[in-house]
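Residue numbers (this note's numbering), protein chains in the order written: chain A, 1 to 98; chain B, 1001 to 1148. Just so it is clear, CB atoms sit at the ideal spot from N, CA and C, and this is done for glycine as well. These figures come from a predicted structure and were not determined experimentally. Following: one structure in structure tokens, then a few remarks.
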Amino acid sequence: MFDIHQGPAGEVIMSGRLDATQCDAALKFLDALARPEVIDLAGLEYVASAGLRVFLLAQKRVKAMGGGLKLVNVRGPVHDIFRYAGFDQVLDITRAAE
Amino acid sequence: MESRTSVPGEAAQLQALTQFLQDFCATAKLPPATTLPFEIALEEIFMNVVMHGSPAGRLAQVEVSLALSDDDLTLAVEDDGPAFDPLALPAPDVSAPLEARRIGGLGVYFVRQMMDAVSYARTGPRNQLRMSKRVTRSDAAPAGTNPG
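Right under this line is the structure:
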């Protein structure tokens, strides 16, 4: 199960499992936003390389507009995946409080 | 403890394969933190087969097997697609600037990082990728105790 929607403050909220079969939906959602900024990942349980591509493409688009994504409340195991990929160097990522 | 399943090499089967893995790990009483690297490895290797294993309209058949020994869980993914060794892919540059970042190769890189042993073999018409990692069962006796 995967869900993506916009919260009251305009932040993007993702939850569940962002596996390879959910990436098109996630990308489409983000592409429809003029300029996404904060993505709350408190409920995101799982991501692999296909899911990382969603964040990479969104970050490239937003960066080209002079902005930058902020991934907040990232759970430990998901944070590890971002770090393995070296994405902590190209994205602003804040880990969830334990 | 062993289990195997076989599915056509199409993305829609990923969920069923993940369920197969999760069911196996639940029965084996493996904690979720132990299961996660295998879920990722399964997605990465299966999606490689989905993308590369079925040329010219012929759908590859993919067999996934799990074997748990005392210390290790082994995941094997076999397919009857064209010979393809994902371990031969060059490692991605995980320190490149944003503009130069690509996803290609990252999945196999994850698998190498997370597993203790990874091997590829082409046996007859089949690709076989074996991945194993030391696991701890949640019902295992704590170290230093003497059961019985």
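Residue interval of the beta strand (DSSP E) (run including residue i)
i: B/A1067; result: Q1061 to L1068
i: A/I13; result: V12 to L18
i: B/Q1128; result: R1126 to R1134
Under the three-state DSSP convention, the category residue i falls into
i: A/S49; result: helix
i: B/A1026; result: helix
i: A/Q22; result: coil
i: A/H5; result: strand
i: B/A1083; result: coil
i: B/V1077; result: strand
i: A/L33; result: coil
i: B/V1094; result: coil
i: A/D44; result: Residue identity check: residue 44 of chain A is Leu in the sequence provided, not Asp. Reduced to three states, the DSSP call for A/L44 is strand.
Extent of the continuous alpha helix (DSSP H) to which residue i belongs
i: B/T1005; result: Element bounds for B/T1005: not the alpha helix (DSSP H) but the beta strand (DSSP E), E1002 to P1008.
i: B/R1112; result: L1106 to M1114
i: B/A1117; result: Taken as a continuous stretch (DSSP letters only), B/A1117 belongs to no alpha helix (DSSP H), being part of the beta strand (DSSP E) at A1117 to T1123.
i: B/F1046; result: P1032 to H1052
Distance CB(residue i)-CB(residue j) smaller than 9 angstroms
i: B/E1044; j: B/V1111; result: yes
i: B/V1049; j: B/A1060; result: yes
i: B/V1062; j: B/Q1013; result: yes
i: B/L1073; j: B/K1133; result: yes
i: A/G51; j: A/Q6; result: no
i: A/K122; j: B/L1098; result: Absent from the structure is residue 122 of chain A, since the part of chain A shown begins at 1 and ends at 98.
i: A/V78; j: B/R1101; result: no
i: B/P1086; j: B/V1064; result: no
i: A/L42; j: A/I81; result: Correcting the residue type first, residue 42 of chain A is Ala in the shown sequence and not Leu. Going by C-beta atoms, A/A42 is not nearer than 9 angstroms to A/I81.
i: B/H1052; j: B/P1090; result: no
i: A/R53; j: A/V74; result: no
i: A/F114; j: A/A25; result: The requested residue 114 of chain A is not part of the displayed model; chain A covers only 1 to 98.
i: B/M1115; j: B/A1041; result: yes
i: A/V86; j: B/A1096; result: One point to set straight first is that residue 86 of chain A is Gly, not Val, in the sequence displayed. Cβ atoms of A/G86 and B/A1096: closer than 9 angstroms.
ask   = Of all the residues that make up the segment 80-96 of chain A, which are near chain B by a beta-carbon distance shorter than 7 angstroms?
value = Cβ contacts with chain B come from Y84, A85, G86, Q89 and V90.
message = For the segment 27-50 of chain A, list every residue whose C-beta sits within 7 angstroms of some C-beta in chain B, in sequence order.
response = Correct list: Y46, A48, S49 and A50.
task = Starting from the N-terminal side, write out each stretch of the alpha helix (DSSP H) that is 4 residues or longer and does not extend beyond the segment 70-96 of chain A.
result = Along the segment 70-96 of chain A, the alpha helix (DSSP H) occurs as fully enclosed runs of 4 or more residues at 76-84, listed in sequence order.
query = Taking a cut of 8 angstroms between CB atoms, which residues from the segment 56-68 of chain A lie near chain B?
reply = Of all residues in the segment 56-68 of chain A, L56, Q59, K60 and K63 have a Cβ within less than 8 angstroms of some Cβ in chain B.
ask   = Looking at chain A, which residues of the segment 1101-1117 of chain B have a Cβ within less than 7 angstroms of any of its Cβ atoms?
value = Answer in chain order: R1101, I1103, L1106, G1107, F1110 and Q1113.
key: Residues in the segment 1013-1037 of chain B having any Cβ partner in chain A nearer than 8 angstroms   = Cβ contacts with chain A: L1014, Q1015, T1018, A1033 and L1036.
request  = Could you please tell me which residues of the segment 1067-1087 of chain B, in chain order, have their CB closer than 7 angstroms to any CB of chain A?
outcome  = When C-beta distances to chain A are compared with 7 angstroms, every residue of the segment 1067-1087 of chain B stays at or above that value.
query = Using Cβ-Cβ distances below 9 angstroms, what residues of the segment 3-23 of chain A are close to chain B?
reply = If the cut-off is 9 angstroms between Cβ atoms, the segment 3-23 of chain A has R17, D19, A20 and T21 near chain B.
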